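Engineer: Each residue of the sequence shown is one higher than the last, beginning at 173 in the numbering used here.
Backbone N, C-alpha and C fix where the C-beta goes; we use that ideal spot for every residue, glycine too.
As the structure is a computational prediction, the values presented were derived from the model and not from experiment.
Here's a structure for you.
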Amino acid sequence: MKLSTLYLSSLALLPSFIAAAAVPDAAPRSEEASVIGKRGPEVNYLSNCNRRNGAGIAYQASYIGWYANQDNSQGGQWPDSLSNEYRNWGNGGSHLDWTQQQSIYFSDSGISVQTNLESWAWSAGTGNWAGTARRSSDGKTFNCYRDNDRQLFYRGPPGLPDGTDLAIQCFAAFYCN
């Protein structure tokens, strides 16, 4: 029986195809590469918070919580970076009015975020566009949307990352991504 040259050459290449198909499965994948593939976009939460000490003395404050991965902001996790604390002293030390332009500083990174929400932003429906925010370090502009004031995170003493003994409970007013 005579085999054609074409048939023989295709048989000779078969081991190469099998080896090529096996290489991706044999190569170890880095954990970082698999995490990066699953990451959601970064997000900034414009948050209104309550602070309380062990004696029950409480006050209101506002922060921006930054998450490198939006997926990590849905289960009460502490943000990757939390801005300095801000209070509206023109209104007795209450939460900031996020519809007023704000410049919020992050002392851990030296970065500021400028907010520019529309005057009607508080009445926007959940998930509706409400304005923008801009990061100083790279000029990146984020679109901001109304959140539903859900609890973003809570942390009680001891061992708070900001070094205080004040519990912190923050609610997501707006998110910018």
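First and last residue of the beta strand (DSSP E) that includes Thr304?
Structural biologist: Note, Thr304: beta strand (DSSP E), Trp301 to Arg307.
Engineer: For the structure I just gave you, are there three or more beta carbon pairs, one from the stretch 252–268 and one from the stretch 294–304, closer than 8 Å?
Structural biologist: Per the Cβ contact rule, the stretch 252–268 is not in contact with the stretch 294–304 (fewer than 3 Cβ pairs under 8 Å).
Engineer: Return the chain-ordered list of same chain residues with a C-beta closer than 7 Å to the C-beta of Asn260, the five sequence neighbours on each side being excluded.
Structural biologist: Ser266, His267, Leu268 and Asp269
Engineer: Roughly how many whole angstroms lie between the Cα atoms of Asn232 and Cys221?
Structural biologist: For the sequence presented, residue 232 should be read as Gln rather than Asn. Cα to Cα, the separation comes out at about 6 Å.
Engineer: Note down the Cα distance separating Ala205 from Pro213, rounded to an integer number of angstroms.
Structural biologist: Per-residue confidence for Ala205 stands at a pLDDT of 33, beneath the threshold of 50, marking its modelled position as unreliable; no derived number is given.
Engineer: How far does the beta strand (DSSP E) with Gly237 in it reach, from first residue to last?
Structural biologist: Start and end: Ala230 to Tyr239.
Engineer: Could you compute how far the alpha carbon of Tyr347 sits from the alpha carbon of Gly303?
Structural biologist: Computed Cα separation, rounded: 10 Å.
Engineer: Check for me: the beta strand (DSSP E) holding Thr313 runs from which residue to which?
Structural biologist: Thr313 to Arg318
Engineer: Does the beta-carbon of Thr336 have 16 or more other beta-carbons within 10 angstroms, so that it is buried, or is it exposed?
Structural biologist: With a threshold of 16 other beta carbon atoms within 10 Å, Thr336 falls short and is exposed.
Engineer: Taking the alpha-carbon positions, what's the Gln246 to Ser234 distance?
Structural biologist: Answer to the nearest angstrom: the Cα atoms are 19 Å apart.
Engineer: DSSP three-state label for Ala345, please.
Structural biologist: strand
Engineer: Tell me which same chain residues have a C-beta within less than 7 Å of the C-beta of Phe314, skipping the five on either side of it?
Structural biologist: If you ignore the 5 residues before and after Phe314, its C-beta comes within less than 7 Å of the C-beta of Asn216, Thr304, Ala305, Cys348 and Asn349, all in its own chain and listed in chain order.
Engineer: Going straight from the alpha carbon of Asn288 to that of Gln323, what length do you get?
Structural biologist: 23 Å
Engineer: Helix, strand or coil for Ser245 per DSSP?
Structural biologist: helix
Engineer: Please report the residue range of the beta strand (DSSP E) in which Asn256 lies.
Structural biologist: Bounds of any beta strand (DSSP E) do not take in Asn256, whose DSSP letter is neither H nor E.
Engineer: Would DSSP call Ser295 helix, strand or coil?
Structural biologist: helix
Engineer: Would the beta-carbon of Arg223 fall within 9 Å of that of Glu257?
Structural biologist: yes
Engineer: Can you tell me which of the three DSSP states Asn222 falls into?
Structural biologist: Strand, per DSSP.
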